[in-house]
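Residue numbers (this note's numbering): 659 to 944.
This is the structure we're talking about:
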């Protein structure tokens, strides 16, 4: 009955405390976007195609002769256009596991296009890292405090939309939706910092915090989202205790969602190994 204990406080106060971590990540993400805006938000001008950033020697791409800095212009009959380049490439490769696909590429971005044949593995991968084909890098800049805040807000909203859309793709069961695990995040962070671009580093830090906020908001046991949901149920009943039938339903949902969380984490970690250390992933599958 101690009024100082959190569980004895009014439900709105408990909800505010439960949301503390999520709100903190959102605020840090926004501050990072402000930092990026001060340095100039990267605004690349893209060309058609995607650039091969890395090739794993165990994959189909390496066997086909693809190399770093090659530019992929077409996957089968699908041209890789500037704005949808990486997504289009990943989808076309991923939708054709263990099928032969012809790629039209320009070796090291020069000369006439040549054709290479690849066969994605059963996971729909040819074991390459790709990036947009950047023709020129510009910067979005702003004048004054108001302009900086507006630019930061625009970038913040874009990042938040992309992250929420990514999570919703996972929930919808999109075959190509993937979550990056700790290994991939560490690799991306290292690659970003190594560029020496302060604005890019700020944006990565913003995206990292927004991802943490989105993940923590999920109604899964152990996360703040689940605590908020349970408090809202209490508020709905207007009691300190939930009726027995409702409690039984919550326990079943908790057990099922906990199992799904374990499966999701295992899948993310294994996919992480496949992206970051592909040779180990191959060993596990064999």
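Beta carbons: idealized from backbone N, C-alpha and C, even for Gly.
- Taking the C-beta atoms as reference points, residue 726 is found nearer than 9 Å to residue 712.
- For residue 770, the three-state secondary structure derived from DSSP is coil.
- Assignment of residue 794 by DSSP, reduced to helix, strand and coil, places it in the strand class.
- The beta-carbon distance between residue 771 and residue 704, rounded to whole angstroms, is 18 Å. This is too long to meet the 8 Å contact definition.
- DSSP places residue 762 outside any alpha helix (DSSP H); the residue lies instead in the beta strand (DSSP E), whose first and last residues are 759-764.
- The Cβ-Cβ distance between residue 857 and residue 698 falls below 9 Å.
- Separation of residue 731 and residue 718 (C-alpha to C-alpha, rounded to the nearest whole angstrom) is 18 Å.
- Looking only at 868, 688, 765, 888, the smallest Cα-Cα distance to residue 820 is reached by 868.
- In this chain, the beta strand (DSSP E) harbouring residue 710 covers 699-713.
- DSSP places residue 731 inside the beta strand (DSSP E), whose first and last residues are 729-733.
- The beta carbon of residue 882 sits closer than 6 Å to those of 676, 679, 680, 874, all from its chain and outside the five residues before and after it, given in chain order.
- If the five residues before and after residue 775 are omitted, its C-beta is found closer than 8 Å to the C-beta atoms of 722, 758, 759, 760, 761, all from its own chain and listed in chain order.
- Within the same chain, 708, 730, 733, 738, 788 come within 7 Å of residue 747 by CB-CB distance, once the 5 residues on both sides are set aside.
- Distance from the CA of residue 778 to the CA of residue 803, rounded to the nearest whole angstrom, comes to 50 Å.
- If you draw a straight line from the Cα of residue 861 to the Cα of residue 767, it is about 28 Å long.
- DSSP places residue 903 in the helix class (H, G or I) of the three-state scheme.
- By the criterion of a C-beta distance shorter than 7 Å, residue 765 is surrounded in its chain by 728, 772, once the five residues flanking it on both sides are discounted.
- Annotation: residue 742 to residue 801 spans about 31 Å, alpha carbon to alpha carbon.
- Going by beta carbons, residue 806 and residue 695 fall inside the 9 Å limit.
- Per DSSP, residue 669 is one residue of the alpha helix (DSSP H) stretching across 669-676.
- Under the three-state reduction of DSSP, residue 787 is assigned to strand.
- In this chain, the alpha helix (DSSP H) harbouring residue 867 covers 856-874.
- Just measuring C-alpha positions, the residue of 824, 885, 854 sitting nearest residue 745 is 824.
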